[in-house]
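Undergrad: In the numbering used here, the protein residues as written are 1380 to 1508.
Using N, Cα and C, we set each Cβ at its ideal position, and we do this for glycine too.
The structure that follows is given in the form of structure tokens.
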């Protein structure tokens, strides 16, 4: 399987898991948060649509505060495209979140890095659509 296919799978898998996290399914322990980020590089960086930049450590610390915060959350991923080099993949997609009767759409660009046979999240940049 190409790295680009693994990266696309990671996008889908993570959004399924983070949706369950927001709904409060499972448990919200620090160990569960670390498991949620198991396919993230410790060098991970994220820029949210409102301009907040988070590191891997920031994201790990934030996750327990978001557990169960949006019990009716739904997330849909559309328009995924991947562009692959020898060691990286850029995945571009649109993420639509629905909760509390409101819809938010984000344009996202995620960079994945190859480590052995895995694709790890390295950088995520989200903007409002």
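With a CB to CB cut of under 7 angstroms and the five nearest residues on each side skipped, what residues in its chain are close to residue 1458?
TA: Looking up residue 1458 in the chain shown gives position 79. The answer, listed in chain order, is 1472 and 1473.
Undergrad: Classify residue 1408 as helix, strand or coil using the three-state DSSP reduction.
TA: Position 29 of the chain shown holds residue 1408. It is coil, neither helix nor strand.
Undergrad: How big is the Cα-Cα spacing for residue 1403 and residue 1445?
TA: For the purposes of this step, residue 1403 is taken as the residue at position 24 of the chain shown. For the purposes of this step, residue 1445 is taken as the residue at position 66 of the chain shown. Between residue 1403 and residue 1445, the C-alpha separation is close to 9 angstroms.
Undergrad: Does the beta-carbon of residue 1389 have 16 or more other beta-carbons within 10 angstroms, so that it is buried, or is it exposed?
TA: Here residue 1389 corresponds to residue number 10 of the chain shown, with the count starting at 1. Its Cβ being crowded by 16 or more others within 10 Å, residue 1389 is buried.
Undergrad: Let me know if residue 1392 comes out buried or exposed under the rule of 16 or more other beta-carbons within 10 Å of its beta-carbon.
TA: On the chain shown, position 13 is the one that residue 1392 refers to. That one is exposed.
Undergrad: Any idea what DSSP makes of residue 1394, helix, strand or coil?
TA: What you label residue 1394 is simply residue 15 of the chain shown in a count that begins at 1. Of the three classes helix, strand and coil, the one that applies to residue 1394 here is helix, per DSSP.
Undergrad: Shortest alpha-carbon distance to residue 1456 belongs to which of 1438, 1416, 1395 and 1442?
TA: Counted from its first residue, the chain shown places residue 1456 at position 77. Of the candidates 1438, 1416, 1395 and 1442, the one whose C-alpha sits nearest the C-alpha of residue 1456 is 1395.
Undergrad: Tell me which residues share the same chain as residue 1449 and place their Cβ nearer than 6 angstroms to its Cβ, disregarding the 5 neighbours each side in the sequence.
TA: By one-based count along the chain shown, residue 1449 stands at place 70. Closer than 6 angstroms at the Cβ level, and outside the excluded window around residue 1449, lie 1401 and 1478.
Undergrad: Alpha carbons only, please: which of 1426, 1460, 1492 and 1406 is nearest the one belonging to residue 1503?
TA: The residue given as residue 1503 occupies position 124 in the chain shown. Answer by Cα proximity: 1426.
Undergrad: Compute the beta-carbon to beta-carbon distance between residue 1438 and residue 1423, rounded to the nearest angstrom, for a pair I have assumed lies under 8 angstroms.
TA: The residue you call residue 1438 lines up with position 59 of the chain shown. The residue you call residue 1423 lines up with position 44 of the chain shown. About 7 angstroms separates the two Cβ atoms, so the contact holds.
Undergrad: Name the DSSP beta bridge partners of residue 1431, please?
TA: In the chain shown, residue 1431 corresponds to position 52, counting from 1. Answer by DSSP bridge pairing: none, since residue 1431 is not bridged.
Undergrad: In or out: residue 1500 buried (at least 16 other Cβ within 10 Å) or exposed?
TA: As a position in the chain shown, residue 1500 is number 121, starting the count at 1. Residue 1500 should be labelled buried.
Undergrad: Can you tell me where the beta strand (DSSP E) holding residue 1416 begins and where it ends?
TA: Here the question's residue 1416 lines up with position 37 in the chain shown. Segment: none, residue 1416 is in no beta strand (DSSP E) and carries neither H nor E.
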